[in-house]
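If you're matching positions, the sequence shown starts at 1 in UniProt numbering and goes up one per residue.
Each remark here refers to the structure printed beneath this line.
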Amino acid sequence: MTDHPSDPRRPGDPSFVGSAGIGEREGGRGNARPNAGFQHEPVMLAEVLAVFEPLTGGVVVDATVGGGGHTRALLEAHAGMSIVGLDQDPAALDAAAERLAPFGDRVVLLRARFDQMTEQLAAIGVDAIAGFLFDLGVSSPQLDRAERGFSYRSEGPLDMRMDPSASRDAATLVNTASETELARILRDYGDERFAGRVAGAIVRSRPIALTTDLAEIVRDAIPAAARRRGGHPAKRTFQALRIAVNQELEILPDALDDAIALLVPGGRGAVLAYHSGEDRIVKDRFRFAENGGCTCPPRLPCACGAPRLVRLLTRGARTPSAIEIERNPRAESARLRSIEKLATAS
Numbered sequence: 001m002t003d004h005p006s007d008p009r010r011p012g013d014p015s016f017v018g019s020a021g022i023g024e025r026e027g028g029r030g031n032a033r034p035n036a037g038f039q040h041e042p043v044m045l046a047e048v049l050a051v052f053e054p055l056t057g058g059v060v061v062d063a064t065v066g067g068g069g070h071t072r073a074l075l076e077a078h079a080g081m082s083i084v085g086l087d088q089d090p091a092a093l094d095a096a097a098e099r100l101a102p103f104g105d106r107v108v109l110l111r112a113r114f115d116q117m118t119e120q121l122a123a124i125g126v127d128a129i130a131g132f133l134f135d136l137g138v139s140s141p142q143l144d145r146a147e148r149g150f151s152y153r154s155e156g157p158l159d160m161r162m163d164p165s166a167s168r169d170a171a172t173l174v175n176t177a178s179e180t181e182l183a184r185i186l187r188d189y190g191d192e193r194f195a196g197r198v199a200g201a202i203v204r205s206r207p208i209a210l211t212t213d214l215a216e217i218v219r220d221a222i223p224a225a226a227r228r229r230g231g232h233p234a235k236r237t238f239q240a241l242r243i244a245v246n247q248e249l250e251i252l253p254d255a256l257d258d259a260i261a262l263l264v265p266g267g268r269g270a271v272l273a274y275h276s277g278e279d280r281i282v283k284d285r286f287r288f289a290e291n292g293g294c295t296c297p298p299r300l301p302c303a304c305g306a307p308r309l310v311r312l313l314t315r316g317a318r319t320p321s322a323i324e325i326e327r328n329p330r331a332e333s334a335r336l337r338s339i340e341k342l343a344t345a346s
């Protein structure tokens, strides 16, 4: 992935250069104007607002700002809050700049991956934050634009890059990775039961240039009985390739640890995950921050001195309401976890 310099320009600045987010979020289709597709309801908005409700102000990082839906709601709810929004996708940052322009200098948008959070904040003079939000997963506008190559339903180039300037796209991966490596990616990132069969079919069909061609190859590689269950047979393969292309699971653990380290006492963090692999990482990093890696027997006082940094705001992940899922089916897989930084490590 390509690194980008800090770009602390404000929404409304004509020289502003925008950027987007890893699941499906801010759902909906839009084709009235280039950024219309990013102007839709954020996932689990009420639940996210509840996490940050106790905050009276300070800097909050929206690590995957997308079209700015969560950011806008947070700024409306907290007059003393300012937000730094990070994203990779120029189209998303352009949409966010437009949507957040009324908030002026309460918003800074930076084109960057969330694993660059610490250095990006340092570049604009921020060394501590009151909160952070990660809304992981591919956004609906990215899925709905065939030219981005994320969708198995629409013909487009095999791209799948969240940052369009990144060097490796899905076509490179599909056409150059070994059969063994492809099978590993499909198993680890897509939970694909027939990973070996699909990987073999991909290798035999090279070169592959279009999303629809890949979807057909995957469909034909999966046994007919299995194709009749669980949605489109190519869904897991496309998910796995997207995660691999964008290094989504590789960069997440350190990014979460960095975000927790930046929190001030009483600060809060929330993560929306849409994929089991993402959610496992979030659960693991939050749990480690909660118990400090304590190895003492359960139900006994800690004697190993492991430092507890946070408390979990809920046990287990929260999920969308039935009403929200009915309104926005793409929210169904969302899982929300949240933490609060302790006043002192204990």
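Each residue gets a CB set at the ideal place from its N, CA and C atoms; glycine is no exception.
| Through-space distance from Val198 to Ala96, alpha-carbon basis | Taken atom to atom, the span from the alpha-carbon of Ala96 to that of Val198 is near 38 angstroms.
| task | Kindly indicate which residue of Ala226, Leu75, Lys235, Ala112 has the alpha-carbon position closest to the one of Pro102. | result | Scanning Ala226, Leu75, Lys235, Ala112 for the CA closest to the CA of Pro102 turns up Leu75.
| request: Report the rounded CA-to-CA distance for Met162 versus Glu147, giving the unit in angstroms. | output: 12 angstroms
| query | Just the Cα atoms here: how many angstroms apart are Ala177 and Ala130? | reply | 42 angstroms
| query | Taking the C-alpha atoms as reference points, what is the distance between Ile251 and Thr56? | reply | 30 angstroms
| query | Which whole-angstrom value is the C-beta distance of Val61 and Val84, which I expect to be below 8 angstroms? | reply | Val84 and Val61 do touch by the CB rule: their CB atoms are close to 5 angstroms apart, below 8 angstroms.
| Are Ala201 and Ala183 closer than 8 angstroms when you measure CB to CB? | Cβ atoms of Ala201 and Ala183: not closer than 8 angstroms.
| task | Within the same chain, show all residues whose beta-carbon is closer than 6 angstroms to that of Thr344, passing over the 5 residues directly before and after it, in chain order. | result | Cβ within range, chain order: n/a, list empty.
| message | For Ala270, list the residues DSSP reports as bridge partners. | response | Ala270 pairs with Leu133, Ser338.
| field | Given 8 angstroms, three or more beta-carbon pairs between the stretch 260-267 and the stretch 211-219 | value | no
| Apart from the five residues on each side of it in sequence, which residues of its chain come closer than 8 angstroms, Cβ to Cβ, to Arg106? | Leu75, Met81, Ser82, Ile83
| request: Can you check DSSP and say which residues form a bridge with Asp87? | output: In the DSSP output, where bridge partners are listed per residue, Asp87 has Arg111.
| Identified DSSP bridge partners for Gly80 | The partner list for Gly80 (beta bridge, DSSP) is empty, contrary to what the question assumes.
| field | Proximity of Asp258 and Met117 at Cβ, strictly below 8 angstroms | value | yes
| Val48 versus Arg330: straight-line alpha-carbon distance, rounded | 17 angstroms
| task | Tell me the start and end of each unbroken beta strand (DSSP E) in the stretch 244-323 that is at least 3 residues and wholly inside, in chain order. | result | 263-273, 310-312
| For Thr212, which residues of its own chain have a beta-carbon under 7 angstroms away from its beta-carbon, when the five flanking residues on both sides are left out? | So the qualifying residues of the chain are Glu155.
| Measuring from the CB of Glu47, is there a heavy atom of the ligand FAD at a distance below 7 angstroms? | As for the ligand FAD, it is missing from this structure, which has no ligand bound.
| The alpha helix (DSSP H) with residue 398 in it runs from where to where? | No statement about residue 398 is possible, as the shown extent of the chain runs from 1 to 346 and does not include it.
| request: Can you grab the Cα-Cα spacing for the pair His70 / Arg204, in whole Å? | output: 44 angstroms
| task | Inspect the CB distances between the stretch 241-249 and the stretch 163-170 and report whether three or more fall short of 8 angstroms. | result | yes
| query | Going by the beta-carbon positions, is the gap between Leu342 and Leu309 smaller than 8 angstroms? | reply | yes
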